[in-house]
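Undergrad:
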Amino acid sequence: MKIGAIAGITFKEAKRDRILYLLFFFAALGIGGARVLAILTVGDRVKIIKDVGLASISLFGVLMAILIGTGLVYKEIDKKTIFTLLSKPLHRAEFILGKFLGLVLTLFVMTLFMSLIFLAIVYAHTLKVEGTLLVAVGYIFLELVLITAVAILFSSFSTPILSSLFALAFYLIGHLSWGLELILKKMTPGAGRTLVRALYAVLPDLENFNFRTEVVHGLPIPPGIYFSSALYGVCYTAFILGLAVLVFRRRDFI
Amino acid sequence: MANAIRIDNLQKKFRLGFIPKTRQILKGITFSVREGEIFGYLGPNGAGKTTTIKCVLDLIHPDAGTIEIFGRSHFSPRSRQTLGFLPENPYFYDYLTAAEFLAFTADLFGLDRVEKEERIARLLKLVGLERAAGLPLRKFSRGMLQRAGLAQALVNDPKLVILDEPLGGMDPIGRKEIRDIIVRFKDEGKTVFFTSHILQDIEMICDRVAIIVGGRIVKEGVLRDLVSERVLFTEVTVSGLSPEAFRGLGESISARGDRVLLKVYDESKVDEVLDLVHDQKGRLVSLSPRTETLEDIFIETVTRT
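Each protein sequence line maps, in turn, to chains L and X.
Everything in the first sequence is counted per my numbering, starting at 193 for the first residue and increasing by one.
Everything in the second sequence is counted per my numbering, starting at 9 for the first residue and increasing by one.
#1: Nearest to K204(L) by CA position, among A72(X), Q19(X) and D102(X), is which residue?
#2: Could you list the residues in the region 151–185 of chain X with a C-beta less than 7 Å from some C-beta on chain L, going in chain order?
#3: For Y99(X), go through chain L and note every residue whose CB falls closer than 7 Å to its CB, in chain order.
#4: For L277(L), which of K184(X), D16(X), F202(X) and V163(X) has the nearest alpha-carbon?
#5: Excluding the 5 residues preceding and the 5 following L338(L) in the sequence, name in chain order all residues of the same chain whose CB lies nearer than 6 Å to its CB.
#6: Taking a contact to mean a Cβ-Cβ separation below 8 Å, would you say H367(L) touches V238(L) in this structure?
#7: Taking 8 Å as the threshold (beta carbon to beta carbon), is D220(X) in contact with chain L?
#8: Helix or strand or just coil, what does DSSP make of G229(X)?
#9: Output needed for D66(X): all residues of its chain with C-beta closer than 7 Å, excluding positions within five of it in sequence on either side, in chain order.
#10: So I260(L) contacts chain X; which residues on that side make the cut at Cβ distance below 8 Å?
#11: Looking at the structure shown, is Q288(X) part of a helix, part of a strand, or coil, going by DSSP?
#12: Of all the beta strand (DSSP E) runs that stay within the bounds of the region 369–437 of chain L, which reach a length of 3 or more residues?
#13: So with CB distances below 9 Å, who are the chain X contacts of D444(L)?
#14: Tell me whether L116(X) sits in a helix, a strand or coil according to DSSP, three-state version.
#15: CA-CA distance, I446(L) and K207(L)?
#16: State buried or exposed for L24(X), treating a residue as buried only when at least 16 other CB atoms are found within 10 Å of its CB.
#17: Shorter than 8 Å from the beta carbon of T276(L) to some beta carbon of chain X?
#18: Can you look up D172(X) in the DSSP assignment and give me helix, strand or coil?
#19: If you measure from the beta carbon of S279(L) to each beta carbon in chain X, is any gap under 8 Å?
#20: Looking at I365(L) and L246(L), is the spacing between their C-beta atoms short of 8 Å?
#21: Between which two residues does the beta strand (DSSP E) containing D16(X) stretch?
#22: Taking CB distances under 8 Å as the criterion, tell me whether G118(X) reaches chain L.
#23: For P95(X), name the three-state secondary structure that DSSP assigns.
#24: Quick one: residues in its chain with C-beta nearer than 6 Å to the C-beta of K194(X), no 5 flanking neighbours on either side, listed in chain order?
#25: Mind pulling the chain X residues with CB within less than 8 Å of R208(L)?
#26: Which of the three DSSP states, helix, strand or coil, is assigned to I213(X)?
#27: Given a limit of 7 Å on CB to CB distance, which residues of the region 80–93 of chain X reach chain L?
#28: If you drop the 5 nearest sequence neighbours on each side, which residues of the same chain put their C-beta closer than 8 Å to that of I288(L)?
#29: Quick one: which chain X residues come within Cβ less than 9 Å of H283(L)?
#30: In whole angstroms, give me the CA-to-CA distance for K289(X) and V246(X).
#31: Give the residues of chain X in contact with A197(L), contact being defined as C-beta atoms less than 7 Å apart.
#32: Taking only heavy atoms of the ligand FMN into account, decide whether any of them is closer than 7 Å to the Cβ of L374(L).
#33: Going by other Cβ atoms of all chains shown within 10 Å of its Cβ, with 16 needed for buried, is M306(L) buried or exposed?
#34: Whose C-beta lies closer than 8 Å to the C-beta of F306(X) among residues of the same chain, with five residues either side of it excluded?
#35: Pop quiz: G118(X) and V169(X) are said to be a contact at Cβ under 8 Å. What is the actual Cβ separation, rounded to whole angstroms?
#36: Using a 10 Å radius around the Cβ and a threshold of 16 neighbouring Cβ atoms, would you call A361(L) buried or exposed?
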């Protein structure tokens, strides 16, 4: 109930943010622009539309999560509305979870609208509703959920600009860390390998949520991968939210 | 009488500035607020009043000391179930209307829909915001925001109401209305703990007060015990006579037109002043004995400390 109230007010606040609509406009432009790109490019037009469309949903979704998420907790502290909230019988963990769920709901709605535009454009070319594309969208959304948790973690102790930079760095590292997995395969056992393994375990691997190539090109995906990727996303998100709660619980609101 | 708030040896220091410098804000605060009383918490700016309140509400973690709210540790969110709080210069979500904002705060207490609607309507009427219920808070004046803040502090029908400068930014009529509401709380059996810079208001409505200076409680007690009935001096305004006529009887503090304002410190000389006015065909305009006020005690205490 309390978490729901915080989530509700967060959703209300997020949907008033102009940046959300600006990003949505660019996302729609990106998805729609894929048609033009497909015409100008040699190759399978439908595949290009799907590829660019999914990339647009992912990129603009991440920007929405970072740019709105990093201001969420900070704004409450800066505008001192936090005094009114935390003087109620509310756990600080409930506050963080409410904020998180409010933004996740916002992103869900935006992802839904972006997906509808995307599916409509694909349908215009194939005259088929391609449900498999939703698998890729689903995992993009799971990645957005994790990025939201990261944005809220940084927002609980830092300014929006710094938090955005940190969250962006997390996103970039997350999409490059798969390289460590390749290095691990080529390394011989020893201290160096242990170090790289530890680094790989700590750093996020956001490529776990990337099923775009497989879905666009119709490549087979082992069923276990769906489950392990989802589990990875849920566990990592829970870990980051736990950290956010720990940091937030220790704060003094002067 | 049981305690609504019990604070024991509360200490808090902050590290402030670019090159952090430690500053002890609360230096071992100890006092209690009894159930059903109106308790005034006074102190000059920066004395630690708001920090104390924030510690009570668990917005700031104390370095040492204990705080209990109705016998329960202040760390437990349940201790705030029967508590209402109005912050100084309240800030709310300005895009919400007053009614929406109250509904949101009611949700944080888990009120059901029927109870919530009934209470919102009653509170908007109580604080005089019925006609502004549908207006976004960003269009509210400071006084109206203060009223909305008071309404949200009462949404759970609290047993204890903590008000940080509730009369700040109010016009005289608004101040009287809020004062009346606070007195009504006491009649309803609620405990009120509030800070104010307006000492006449505190004097008018408080049962007990504590004065904090430099992070320490320097005076605490029942108001009528602190403020004596002793007459400090008598102010006499006379017309039709010159100030020189009163030499040796009192201090002439102003003379405008044919009026003279005298301060007579010796009570026995008041009669002599009156006789003189009568004999020399002057006219007595006013006579008012000035007893000790909370302001006198406050200024004396702060200056001494």
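By construction, the Cβ of each residue, glycine as well, lies at the ideal position given by its N, Cα and C atoms.
TA: On the basis of the coordinates in this document:
#1: D102(X)
#2: Q160
#3: K271, K272 and T273
#4: V163(X)
#5: G425, Y428 and T429
#6: no
#7: For the sequence presented, residue 220(X) should be read as Ile rather than Asp. It does not; no Cβ of chain L falls within 8 Å.
#8: strand
#9: H82 and F83
#10: The premise fails here: I260(L) is roughly 15 Å from chain X at the closest Cβ pair, so nothing lies under 8 Å.
#11: coil
#12: none
#13: K20, F22, K62, L67, I68 and H69
#14: helix
#15: 29 Å
#16: exposed
#17: yes
#18: strand
#19: yes
#20: no
#21: N11 to L24
#22: yes
#23: coil
#24: I46
#25: Y103
#26: helix
#27: P85, R86, R88, Q89 and F93
#28: V265, I344, S348, L433, A436, V437 and F440
#29: P85
#30: 11 Å
#31: F112, D115 and L116
#32: Ligands in the displayed structure: none, and consequently the ligand FMN is not present.
#33: buried
#34: L50, L207 and I219
#35: Their Cβ separation, rounded to whole angstroms, is 19 Å, which puts G118(X) and V169(X) out of contact at 8 Å.
#36: exposed
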